[in-house]
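Residue numbers for the sequence shown follow the working numbering, beginning at 2 and rising by one.
Worksheet for the structure shown next.
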Amino acid sequence: PDSGELTPIGNYQTGDDSVPFSIAIAPNGKYLYVANIGFNTVTAFEIDPDSGELTPIGNYQTGDDSNPQSITVDPNGNYVYVANSNTDTIRTFEINQDSGTLSKSGDDVATGEYPVSVVVVRIWQNIDDMDNVLDGVAYD
2 PDSGELTPIG
12 NYQTGDDSVP
22 FSIAIAPNGK
32 YLYVANIGFN
42 TVTAFEIDPD
52 SGELTPIGNY
62 QTGDDSNPQS
72 ITVDPNGNYV
82 YVANSNTDTI
92 RTFEINQDSG
102 TLSKSGDDVA
112 TGEYPVSVVV
122 VRIWQNIDDM
132 DNVLDGVAYD
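Laid out in structure tokens, this is it:
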């Protein structure tokens with residue numbers, strides 16, 4: 002960790018005909034999620050805290066011909082968001098905190114044309130009690 006040097010630890014299968022395209026790690030460091038183009042899935046892995054090796058948890062559908070391009074985990078580690086470029090949507094999955102498994106949460110959200118990236122950030126808020134002004138910044 003002090004040098005920043007990378008050391009290969011293995012190769013991990015995400016599914017037949019899949020192309021791993023984007024990865025995200027849960028904030029607790031326990032789970033890794035991979036968006037797979039071609040296979041239209043997210044693959045979930047558990048991360049060994051000592052070795053860093055991965056144990057497969059499962060594959061989760063992102064939708065027919067969805068072409069998942071990007072994946073992220075929200076800052077609280079409760080949800081995975083996947084940008085699907087062919088269907089112009091973002092699919093949300095809820096993370097089971099005990100197992101790392103995913104379950105689809107709500108309807109897919111429509112986006113602009115061909116989304117290729119998704120990121121979730123905390124919006125910091127500061128409410129001034131004197132004049133009830135909400136200070137915050139959001140990026141479009």
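Built from N, CA and C at the ideal position, the CB exists for glycine as well.
Within the DSSP bridge table, the entry for Q62 names T42 as partners. When only Cα atoms are considered, S118 and N87 end up about 13 Å apart. Here G101 is buried: its Cβ has 16 or more other Cβ atoms, across all protein chains shown, within 10 Å. Residue environment analysis places S4 among the exposed positions, since fewer than 16 neighbouring C-beta atoms fall within 10 angstroms of its C-beta.
CA-CA distance, P9 to T42, rounds to 24 Å.
Rounded to the nearest whole angstrom, the C-alpha separation of Y34 and V81 is 8 Å. Y61 counts as buried, since no fewer than 16 other beta carbons sit within 10 angstroms of its beta carbon. Contact check between the region 47 to 54 and the region 65 to 73: fewer than three CB pairs, one atom from each, fall below 8 Å, which does not count as touching.
Of the other Cβ atoms in all chains shown, 16 or more fall within 10 Å of the Cβ of L103; this residue is therefore buried. One thing to note: F40 has its Cβ within 8 Å of the Cβ of S19. Apart from the 5 residues on each side of it in sequence, L55 sits with its Cβ closer than 8 Å to the Cβ of G11, Y13, L33, F46, E47, I48, D49 in its chain, given in chain order.
Distance from the CA atom of V83 to the CA atom of D75, rounded to whole angstroms, is 11 Å. Shown here, Q14 sits in coil according to DSSP, grouped into three states, outside any helix or strand.
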